[in-house]
Amino acid sequence: ALPAGLQQRAALRIFVRTGDRPRAGTDCEVMIRIKGSKKSSGTHKLSACAVTSMRLFLRGATNEFVIQDWEIGDPLKVSIWHDGKGVDAHWFLEDVTIVDASNRRFHAKHQAWLSAEEGRRQLRAELDVVPL
Numbered sequence: 142a143l144p145a146g147l148q149q150r151a152a153l154r155i156f157v158r159t160g161d162r163p164r165a166g167t168d169c170e171v172m173i174r175i176k177g178s179k180k181s182s183g184t185h186k187l188s189a190c191a192v193t194s195m196r197l198f199l200r201g202a203t204n205e206f207v208i209q210d211w212e213i214g215d216p217l218k219v220s221i222w223h224d225g226k227g228v229d230a231h232w233f234l235e236d237v238t239i240v241d242a243s244n245r246r247f248h249a250k251h252q253a254w255l256s257a258e259e260g261r262r263q264l265r266a267e268l269d270v271v272p273l
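Using the numbering used here, you'd call the opening residue of the sequence shown number 142 and step up by one each time.
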C-alpha cells in the first residue's frame with residue numbers, strides 16, 4: 142500500500158434513479174457510501190456532489206453526481222440512505238449506476254421505498270453491485 146499522501150484519488154460518476162410512482166420523490170438529504178474491492182469510500186452527501194443545480198430526487202428522474210474519493214477498486218456494495226427530515230420524508234429508489242474512471246459501469250437495483258411509513262419502513266438500503 143502507498144503512504145497516505147500518495148494514495149490514488151478517483152472520481153466516480155453516480156446516477157440515481159427515483160421511481161415513477163405517486164409520492165416517489167423526496168426533498169431529504171441523501172447520503173451514499175460505496176464498498177469496493179480495495180477499500181470503502183467515505184460518506185458523501187449527494188446534494189453537495191450534484192452536477193446540476195436542478196431539484197433532486199423528483200418522481201421518475203435520474204440525477205447525476207460526481208464523488209471524489211480514494212481508489213476503491215471494483216464497487217461491491219452501495220449503502221444509500223436519507224435523513225428523514227424533509228417534507229417528503231419518503232423516497233422510492235429505483236436503482237443506482239456507478240461509472241468508474243475507466244468508464245466501466247456497475248449497477249445496484251433497489252426498486253423499493255426508503256421510508257418510515259412505506260414498504261419495509263427503513264430509511265437505509267444496502268445494495269449488491271453487479272457489473273453491467
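Beta carbons: idealized from backbone N, C-alpha and C, even for Gly.
Check: So does the region 210 to 228 actually touch the region 149 to 158, counting three or more Cβ pairs closer than 8 Å?
Finding: yes
Check: In whole angstroms, what is the alpha-carbon distance linking K218 and C190?
Finding: Counted from its first residue, the sequence shown places residue 218 at position 77. Counted from its first residue, the sequence shown places residue 190 at position 49. Each residue's alpha carbon lies about 19 Å from the other.
Next item on the list: Tell me, please, whether the region 181 to 200 touches the region 237 to 253 by the rule of three or more beta-carbon pairs shorter than 8 Å.
Entry: no
Next item on the list: May I have the straight-line CA-CA distance separating H223 from T203, to the nearest angstrom?
Entry: By one-based count along the sequence shown, residue 223 stands at place 82. By one-based count along the sequence shown, residue 203 stands at place 62. Cα to Cα, H223 sits roughly 17 Å from T203.
Notebook entry, point to check: Are the CB atoms of C169 and G227 nearer to each other than 8 Å?
Noted result: In the sequence shown, the residue the question calls residue 169 occupies position 28. In the sequence shown, the residue the question calls residue 227 occupies position 86. Cβ atoms of C169 and G227: closer than 8 Å.
Checklist line | Whole runs of the beta strand (DSSP E) within the region 155 to 237, excluding any shorter than 3 residues | finding: 171 to 177, 203 to 211 and 216 to 223
Next item on the list: Under the assumption that D161 contacts R200 (Cβ atoms under 8 Å), give the Cβ distance between them as a whole number of angstroms.
Entry: For this step, residue 161 is matched to residue 20 along the sequence shown. For this step, residue 200 is matched to residue 59 along the sequence shown. 6 Å between Cβ atoms; contact.
Next item on the list: Taking the CB atoms as reference points, tell me whether F120 and T238 lie closer together than 8 Å.
Entry: Summary: the structure shown does not reach residue 120, with the chain confined to residues 142 through 273, and so no result is reported for it.
Next item on the list: Output the boundary residues of the beta strand (DSSP E) element that contains Q252.
Entry: Counted from its first residue, the sequence shown places residue 252 at position 111. Here the beta strand (DSSP E) through Q252 covers R246 to S256.
Item checked: Reference G225, options K180, P163, E258 and F156, closest by Cα -> The residue labelled residue 225 in the question sits at position 84 within the sequence shown. Closest by alpha carbon: E258.
Checklist line | Secondary structure of E259, DSSP reduced to three states | finding: In the sequence shown, counting from the first residue as 1, residue 259 sits at position 118. Coil, per DSSP.
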